[in-house]
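Count along the sequence shown from 1, add 3, and you get the number used in this note's numbering.
Just so it is clear, CB atoms sit at the ideal spot from N, CA and C, and this is done for glycine as well.
To start, the structure itself, in structure tokens.
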Amino acid sequence: MRNTVFAKLLLLVTCCLISAAEESQSADSESQVRQLLMDQIEKEREQQHIVDRALPIPDTGDFQLALALPDERTSFEIGEPIEITLRLTCLAEPFKITHGWDYRATGYPQRCKVIVINEKGEILKDYATKYSMGGIGGETTVSSDKPHEFKFPLLAHVNITKSGTYHIYTSHDLGWQPSDRHPIAKTTVQITRPSPESAQRRVTEILEKSDEYSDTASRLRAPIYLPALKKAAQSGNSKAVEGITTIENSDAMRALVELIDSNDREVSKAAAQELCRHLPTPSTYRHEYRYWDKTLNQRAIEAACRLMEDHSNTEKVTYAANIIHAIGSPESMPAVSAAIAHWLENTPPARKNDDEWIGGLPNPLNALQRAASQLIKRGHRIDHWNSDAELALGLIQLRLAWFDKRQKKADTTIRITTEEQIDPVEPPINEKWRSGIERAIKHDSYLMRYLALQAIPLNVKGNEFEDIALASLSDEDLGIKAEACRLIATHQYKACLPHLLNIVQHTTHEYLFTQAAHSASGLGVASELGILLTERLADKELHDEALYLLFTTVLGWSPSSAGGNSNTTDEERMTLRETWRTFFQNYEDALDEGKVLSPAAPEITIDLVKLGDTILFNCSFEDGTSWPK
Numbered sequence: 004m005r006n007t008v009f010a011k012l013l014l015l016v017t018c019c020l021i022s023a024a025e026e027s028q029s030a031d032s033e034s035q036v037r038q039l040l041m042d043q044i045e046k047e048r049e050q051q052h053i054v055d056r057a058l059p060i061p062d063t064g065d066f067q068l069a070l071a072l073p074d075e076r077t078s079f080e081i082g083e084p085i086e087i088t089l090r091l092t093c094l095a096e097p098f099k100i101t102h103g104w105d106y107r108a109t110g111y112p113q114r115c116k117v118i119v120i121n122e123k124g125e126i127l128k129d130y131a132t133k134y135s136m137g138g139i140g141g142e143t144t145v146s147s148d149k150p151h152e153f154k155f156p157l158l159a160h161v162n163i164t165k166s167g168t169y170h171i172y173t174s175h176d177l178g179w180q181p182s183d184r185h186p187i188a189k190t191t192v193q194i195t196r197p198s199p200e201s202a203q204r205r206v207t208e209i210l211e212k213s214d215e216y217s218d219t220a221s222r223l224r225a226p227i228y229l230p231a232l233k234k235a236a237q238s239g240n241s242k243a244v245e246g247i248t249t250i251e252n253s254d255a256m257r258a259l260v261e262l263i264d265s266n267d268r269e270v271s272k273a274a275a276q277e278l279c280r281h282l283p284t285p286s287t288y289r290h291e292y293r294y295w296d297k298t299l300n301q302r303a304i305e306a307a308c309r310l311m312e313d314h315s316n317t318e319k320v321t322y323a324a325n326i327i328h329a330i331g332s333p334e335s336m337p338a339v340s341a342a343i344a345h346w347l348e349n350t351p352p353a354r355k356n357d358d359e360w361i362g363g364l365p366n367p368l369n370a371l372q373r374a375a376s377q378l379i380k381r382g383h384r385i386d387h388w389n390s391d392a393e394l395a396l397g398l399i400q401l402r403l404a405w406f407d408k409r410q411k412k413a414d415t416t417i418r419i420t421t422e423e424q425i426d427p428v429e430p431p432i433n434e435k436w437r438s439g440i441e442r443a444i445k446h447d448s449y450l451m452r453y454l455a456l457q458a459i460p461l462n463v464k465g466n467e468f469e470d471i472a473l474a475s476l477s478d479e480d481l482g483i484k485a486e487a488c489r490l491i492a493t494h495q496y497k498a499c500l501p502h503l504l505n506i507v508q509h510t511t512h513e514y515l516f517t518q519a520a521h522s523a524s525g526l527g528v529a530s531e532l533g534i535l536l537t538e539r540l541a542d543k544e545l546h547d548e549a550l551y552l553l554f555t556t557v558l559g560w561s562p563s564s565a566g567g568n569s570n571t572t573d574e575e576r577m578t579l580r581e582t583w584r585t586f587f588q589n590y591e592d593a594l595d596e597g598k599v600l601s602p603a604a605p606e607i608t609i610d611l612v613k614l615g616d617t618i619l620f621n622c623s624f625e626d627g628t629s630w631p632k
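Next up, the structure:
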């Protein structure tokens with residue numbers, strides 16, 4: 004009897020100790036989660052400049068933040084939409100919160116920060132988009148009879164593809180100053196695996212929706228939905244491709260590759276587009292890719308080569324070229340060459356309008372150029388320049404030789420493999436490349452003329468290509484003019500200066516205006532350029548850029564960032580123009596003599612950027628200083 008009582012007592016003590024340990028561990032875990040949430044909130048405050056205008060946290064502390072699940076349910080199937088309500092309740096005196104700049108382009112508040120932990124204690128990755136286009140909201144008073152609610156779809160934040168128990172922690176900065184009393188809400192959900200029939204029904208329901216902010220197919224990230232999504236895509240539903248691309252396994256990637264060959268044009272285009280988002284591209288503009296199985300490389304390359312033959316859709320050719328750029332081998336060049344040959348014969352009309360992009364070549368020409376460049380880096384060589392396509396590829400190879408001599412270092416953030424690190428072969432300086440450039444610069448296609456300008460080497464001596472640069476400033480395509488500005492600045496072709504200044508004085512295309520100003524600045528005409536830029540301050544469309552160029556090209560400042568107020572009236576622009584006219588009347592000689600007018604110079608006054616109480620231009624420098632102060 005005594006032994007039995009002792010055993011029961013020992014068991015009771017043990018259970019108490021275990022319970023206390025679990026509570027301590029839970030407390031430590033929640034403390035860590037709280038710190039993570041607050042770190043995210045603090046980062047958001049800084050990005051949205053909330054810190055400077057934050058409200059004090061209510062003194063009473065009588066408030067509560069809670070999470071409410073739809074229909075008070077606690078169990079959901081994988082992939083089932085779960086719209087959660089974050090409810091802020093006032094328990095005493097009313098208080099204020101702010102929630103502007105909260106919805107971005109997503110349809111849900113991103114100042115709501117969410118952490119989800121599975122039953123293994125692992126924190127799930129947050130998939131919420133960080134893209135910002137502003138948002139709605141403002142200052143709100145919360146009272147006991149008027150709580151405030153934020154609603155957000157859980158699956159916009161996390162990828163739940165397995166059944167189990169998930170703990171959800173959420174908070175919002177509320178526009179309050181940082182405090183240990185900042186509220187955090189918590190709830191728990193059970194996630195179960197759907198049956199194949201249920202999965203099929205859910206796919207059908209979601210694909211029938213038209214609201215871009217609803218729970219779209221992109222949130223069906225579990226492999227169980229792949230058969231239904233693939234079937235829908237094969238039947239011509241391009242929206243299903245959006246769901247397939249979020250499933251991170253080889254079967255989903257294989258489905259995308261197969262769908263590139265779909266007879267449905269929209270499905271084919273969507274599959275190629277989504278595939279590009281997974282590929283390990285060498286482009287420095289991509290920092291990571293979601294998923295890719297390299298055993299599918301060859302099948303993807305073959306599908307892309309077939310896709311490039313469809314000249315009726317420039318987007319499809321662009322996506323196909325991007326695939327080749329990412330994973331193509333030198334054996335892919337015939338398909339790229341054939342596509343280039345087609346677009347040389349069918350080049351889009353010359354770009355003459357102010358709203359057209361001229362910072363390079365339009366797609367698919369730009370994508371094809373990038374694909375060809377990458378295949379050359381991977382070992383392909385162009386030895387003969389007989390056809391137009393061969394000439395174009397030869398010019399691309401020349402440009403790589405002149406401009407890409409530096410050995411690139413592997414960047415683990417974008418997962419460039421060692422096979423990408425190939426030094427281009429520098430061609431000999433001979434009549435072949437000279438005659439090739441002269442032949443290309445006279446071609447009917449501005450694609451070829453653009454490649455010719457880019458292929459002129461950096462180390463060519465004298466004014467050998469000055470006539471080509473000068474003639475290109477009169478090209479009917481604005482993009483060719485802009486590229487000629489770069490060439491002139493590189494080689495210091497001073498005979499072109501009057502023509503550059505003429506462009507600054509008369510062009511209405513902002514990019515060409517900027518390129519011409521920078522090129523003219525490099526030839527050393529500070530005051531003359533400044534006077535022309537001053538006159539352009541009266542132009543509504545070019546006012547902001549003209550003001551920026553006055554500081555960066557004429558005064559030679561190099562700000563790390565700049566901004567200002569562009570909402571000016573005609574009268575205000577005229578007033579500012581008069582201020583700058585007076586400035587150049589007083590300091591024209593000093594500028595021509597090379598005098599440097601830094602932000603600290605007494606000649607630089609706030610009147611150059613101020614109209615009434617409005618500052619039209621401000622900038623910051625890398626040393627931490629700013630102007631105006």
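Item                                                                                                    : Value
Identity of the residue in L94, N162, L396, Q38 nearest Q67 by Cα                                       : L94
Residue environment, W583, which counts as buried when at least 16 other CB atoms sit within 10 Å       : buried
beta-carbon A549 near the ligand NAP non-hydrogen atom, thresh 7 Å                                      : With respect to small molecules bound, the structure shown includes none, and the ligand NAP cannot be examined in it.
Local Cβ density within 10 Å of M577, reported as buried at 16 or more and exposed below that           : exposed
For A395, the nearest candidate out of Y453, D357, G363, N349 (CA to CA)                                : Y453
Whole-number beta carbon distance between L535 and Q495, since they are thought to touch under 8 Å      : About 20 Å; that fails the 8 Å criterion.
Continuous beta strand (DSSP E) assignments of at least 3 residues falling wholly in the region 108-174 : 115-121, 142-145, 151-156
Assigned exposure category for P460 - 16 Cβ within 10 Å defines buried                                  : buried
Buried or exposed by the 16-neighbour rule on C-beta atoms within 10 Å, applied to I425                 : Only weak support is given to the placement of I425: the predicted model assigns it a pLDDT of 38, under 50, and the question is left unresolved by the model.
A30 (DSSP reduced to helix, strand or coil)                                                             : Its pLDDT being 39, under 50, A30 is placed unreliably in this model, and the coordinates cannot settle the point.
Buried or exposed by the 16-neighbour rule on C-beta atoms within 10 Å, applied to T219                 : buried
Where F624 sits in the DSSP three-state scheme                                                          : coil
Uninterrupted alpha helix (DSSP H) stretches inside the region 205-259 (no shorter than 4 residues)     : 229-237, 242-247
CB contact flag (E75, T195, <8 Å)                                                                       : no
Distance, S563 Cα to L579 Cα                                                                            : 24 Å
Exposure of W630, with buried meaning 16 or more beta-carbon neighbours within 10 Å                     : buried
Coarse secondary structure for V192, derived from DSSP in three states                                  : strand
Inter-residue spacing [alpha-carbon to alpha-carbon] between L611 and K464                              : 41 Å
Boundaries of the beta strand (DSSP E) in which S564 is found, first to last residue                    : 564-566
W405 - DSSP class collapsed to helix/strand/coil                                                        : helix
With 16 other Cβ atoms within 10 Å as the buried cut-off, status of E142                                : exposed
Residue interval of the beta strand (DSSP E) (run including S569)                                       : It is not in any beta strand (DSSP E) - S569 carries neither H nor E in the DSSP assignment.
Neighbour-count burial assignment, P374, 16 or more Cβ in a 10 Å radius                                 : The amino acid at residue 374 is misidentified as Pro; the sequence shows Ala. Counting Cβ neighbours within 10 Å, A374 comes out buried, since at least 16 surround it.
Alpha carbon of Y130 to alpha carbon of W346, nearest angstrom                                          : 39 Å
8 Å CB neighbourhood of T517 in its chain, flanking five on each side removed                           : E548, L552
Per DSSP, the bridge partner or partners of C93                                                         : F66
C-alpha gap between I618 and N568, whole angstroms                                                      : 7 Å
N-terminal and C-terminal residue of the beta strand (DSSP E) that I100 is part of                      : 98-101
Selected residue, minimal CA-CA separation from R90, among I60, S174, N570                              : S174
Between the CA atoms of Q38 and Q113 - distance to the nearest angstrom                                 : 18 Å
Alpha helix (DSSP H) runs wholly inside the region 504-576, at least 4 long, in chain order             : 513-525, 529-539, 546-552
Local conformation of E45 per DSSP, three classes                                                       : helix
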